[in-house]
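Only one structure is covered here, and it is reproduced in the block below.
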Amino acid sequence: IKIEDLRRFVFVSDPQISPDGSQVAFVHTKIDYPNDGYQKHIWIWDRTTGKARQFTHGTGNDSYPRWSPDGKLLLFLSGKRDPEEKKPSLWVIPTSGGEARRVAEIEDTGISNPIWSPDSKRVLFTSRVWEGEKPESDVMVVRRLDYRLNGVGYYPGKRVHLFTVSVGRKPKQLTRGEFDVEAATWSPDGGKIALIANTSEGADRSFIRDIHIIPAKGGEMEKLTNGEHLISGVSWSPDGEEIAFLGHDLHVSTATNTDIWVIPAGGGAPENITASFDRSIGRGIGSDLRVSTPNPGAVWSPDSNALYFLTGTVPTANIYKVDRHTCEIERLTEGRTIDGFSVSSDGSVIAYNAMDATHPAELWVKDFEGERRVTGFNDRLLKALNLSEPEHYTFKNNVGAEIDGWIMKPPDYEVGKKYPAVLEIHGGPLGIYGDGVYQEFHLLNAAGYVVLYTNPRGSGGYGEEYAAILQGQHGTVDYDDVMTFVDDALERFDFIDDERLGVTGGSYGGYLTNWIVTQTDRFRVAVSCRSTCNRFSHHGNSDRGWRHGESGNMGYPYKDEEKLMRQSPIRHVANAKTPTLLIHSENDLRCPVWGAEEFFTSLLEVGVETELVRFPDENHELSRSGKPKHREERFRHMLRWFEKYLK
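Encoded structure:
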């Protein structure tokens, strides 16, 4: 595999099955290299013919296909379909074919999360709009903590609110005020809407959210829940009796398992129906060769007796079904990593996109005939590429617990030859390695490096206790586990050259890379991507750092200086000796570029060979969805740095 092969992959995402189960709409994405972007169109796969065809055309970037309940229309979001269009607007197209027409657009901010009404006549959606008059000046006046978001930008003075629109009419704003609507859904009769929001004055300082009910025509909101849960998804049962939501009570901070809860639609105590399932609902397996799919949340069965959901259980992410009454859980898929699905209106057909460690996602269908893959956009390319299959094994950490590990041998591996190795560290720290495909891993492999990766304590995918142990203790047991993993690999695999070891990671993996180079000289070289180095200042400089003061058990700069600095690589930088390449995006608001600047400056001051590579007009998602030319250049810098010190 080569760096330029990124341009040749096709990405399948967001599969949406038609109400009668006969067709599946999905997003087909490929690299538009001349324009340094992506080309997205809606495609439709037909169960009768077994073939997929392109359904939308033109220059627009089309996404988020959703069938109307009567099956006659397909809505989608599109940007740049109109030369004057700057943000995604809402379009509909007859499913029988014809011209697409724009239904709604919101100036400056665009449209998100559209959902058809049960009668197929209206659509609800959210949009970030000015709360009050739009200021004439471009000078930002900030009065709240939540005023910026990675990938979105800065939005002081704006709030996310709920709208509805009928085809052929103007959108109607249903909510107003100093709060944000984070998700919404229709009641089965279309008369009400359930939405998620925190309307309290201290909302910015809290992860807590509530479900509110509002008449579909507009009016007063009625709070349904009691302010005890972090809520991230909501769905109304087909019989109208109950509302399901994804959430947790933060009892072990942000590492608490997200569960499916059910509450009477008229009010009452919520019931956790997945409490026995020690996994966090909706958490997926990592990959850098995919287009993200919206989390479907908890999906009701047609008879209101069960709910479908998706989550990662190492090494894969699968679709499950939980019985509403007995709380028994059944796994419906196996052997692949799934990150999006939908269910036909009668529950007989499930469509989903699935990948593994050597195959990007394709469209799959599960029906009375069983599970089968129905697209093969990347088959010809993959046959031409010589990709190594990762080998899974387990090792014991320093307290005797079994930990998952993987090794990838170079494609041209020769017995008796010694190879340099690179340790990869995932982000999060609640990220999960498993059967997800990484071009980065395969490129390192093709360049002659053994690739090692593991899920240290603090990772997702293993249950609440495993994840929670790292809360407020960064750079402790996770560091112990990755170092024990390297020790075990060197003892287990005699073809690894222990004098030629490299380490790399992104986001939290970048933080742990920075931590490693200040704690040991074991590695000859390091590449730290979108990292942090100072937990004290990260609290106020990150778009979400302040939220982890209490809920992430990290503490506050004005109360917990010693705790924060003890976990900061910058405090220990005088110990560093490892040549370190820092890669960062200028517009990263999650781990702002100042962190790389600070570490770079200090490394140079203590005499460590280092470089800082800065990517303009990119954010925290550079490695997964950045401009194609920048993604390729990032790979070139990584390979250059590793080659300089390991070859």
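So the sequence shown is numbered by my numbering: it starts at 709 and just counts up by one. Where a beta carbon is used, it is the ideal one built from N, C-alpha and C, also for glycine. A quick note: this is a predicted structure, and the numbers were derived from the prediction, not measured.
Coil, strand or helix - residue i by DSSP
i	result
Y1127	strand
I709	coil
R1088	helix
M1116	strand
S874	strand
Q1275	coil
V1158	strand
N980	strand
S911	First, the residue type needs correcting, since residue 911 is Ala and not Ser in the sequence shown. Here A911 sits in helix by DSSP.
Y1187	helix
V1107	coil
F1231	coil
G787	strand
V1281	helix
L857	strand
G779	coil
T1240	coil
L1138	coil
C-alpha distance - residue i paired with residue j, whole-angstrom precision
i	j	result
E1341	S1331	10 angstroms
W751	F734	5 angstroms
R1170	T1021	For clarity, residue 1170 is Tyr in the given sequence; the question names Arg instead. Rounded to the nearest angstrom, the two C-alpha atoms are 7 angstroms apart.
P1336	V970	43 angstroms
A1175	I993	15 angstroms
M1063	E1270	44 angstroms
D1011	T1034	15 angstroms
P923	I1027	33 angstroms
Y1101	M1116	11 angstroms
F1149	G787	32 angstroms
G1213	E841	44 angstroms
V1007	S1056	14 angstroms
V1211	N965	30 angstroms
L1152	G1005	35 angstroms
Q762	P773	13 angstroms
P742	N1261	46 angstroms
N1222	H1134	13 angstroms
F1308	E979	50 angstroms
Start-to-end residues for the alpha helix (DSSP H) that takes in residue i
i	result
F1343	1336–1354
Y1216	1216–1227
D740	Per DSSP, D740 belongs to no alpha helix (DSSP H); it is in the beta strand (DSSP E), 731–740.
Y1174	1172–1176
L1018	Here L1018 belongs to no alpha helix (DSSP H); instead the beta strand (DSSP E) covers 1014–1021.
R1332	1330–1333
Chain-order list of residues whose beta-carbon lies under 6 angstroms from that of residue i (same chain, five-residue window excluded)
i	result
V1225	A1234, A1284, T1286, T1288
A760	W751, W753, T1083
G818	K795, P796
V732	P723, I725, W753, A1059
L853	D912, W1254
L1093	I709
T1001	S721, D722, D1047, G1048
K1029	A1014, Y1016, E1038, L1040
Contacts around residue i, its chain only, beta-carbon distance under 7 angstroms, and the 5 residues preceding and following it disregarded
i	result
P1068	F717, F719, L997, R998, N1086, V1145
I739	L714, R715, Y746, P1336
N1105	I1111, D1188, D1189, T1192
I968	A952, L954, I981, T982, I989, A1006, L1015, F1017, V1030
Assumed close pair residue i, residue j - CB separation to whole angstroms, cut-off 8 angstroms
i	j	result
H1280	R1238	Between R1238 and H1280 the Cβ distance is about 20 angstroms, and since that is not below 8 angstroms, they are no contact.
D888	V873	With a Cβ gap of about 20 angstroms, D888 and V873 do not count as contacting.
I823	W894	6 angstroms
F915	L938	4 angstroms
G805	W838	Rounded, the Cβ-Cβ distance is 38 angstroms, inconsistent with contact.
V1159	E1132	6 angstroms
D918	G935	6 angstroms
E1099	T1066	The pair is not a contact, with the Cβ atoms about 12 angstroms apart (cut-off 8 angstroms).
Bounding residues of the beta strand (DSSP E) (the contiguous stretch that carries residue i)
i	result
H1292	1288–1293
H920	918–923
R1243	It is not in any beta strand (DSSP E) - R1243 instead sits in the alpha helix (DSSP H) that spans 1243–1249.
F1308	Careful: F1308 lies outside any beta strand (DSSP E), inside the alpha helix (DSSP H) at 1302–1313.
A833	The amino acid at residue 833 is misidentified as Ala; the sequence shows Phe. Note, F833: beta strand (DSSP E), 830–838.
W969	967–972
V811	809–812
Cut-off 8 angstroms between Cβ atoms - residues of its own chain near residue i, not counting five sequence neighbours on either side
i	result
P1265	F1244, S1245, H1247, G1248, L1272
L1312	T1318
G948	S895, P896, D897, A973
E1326	S1293, E1294, N1295, D1296, G1334, K1335, H1338
E1036	V1030
Chain B within 8 angstroms of residue i, Cβ atoms only
i	result
V720	Within the model displayed, chain B is absent; a lone protein chain is all it includes.
Closer than 7 angstroms: residue i CB and nearest the ligand NAD heavy atom
i	result
T964	With respect to the ligand NAD, the structure shown offers nothing to examine, as it has no ligands at all.
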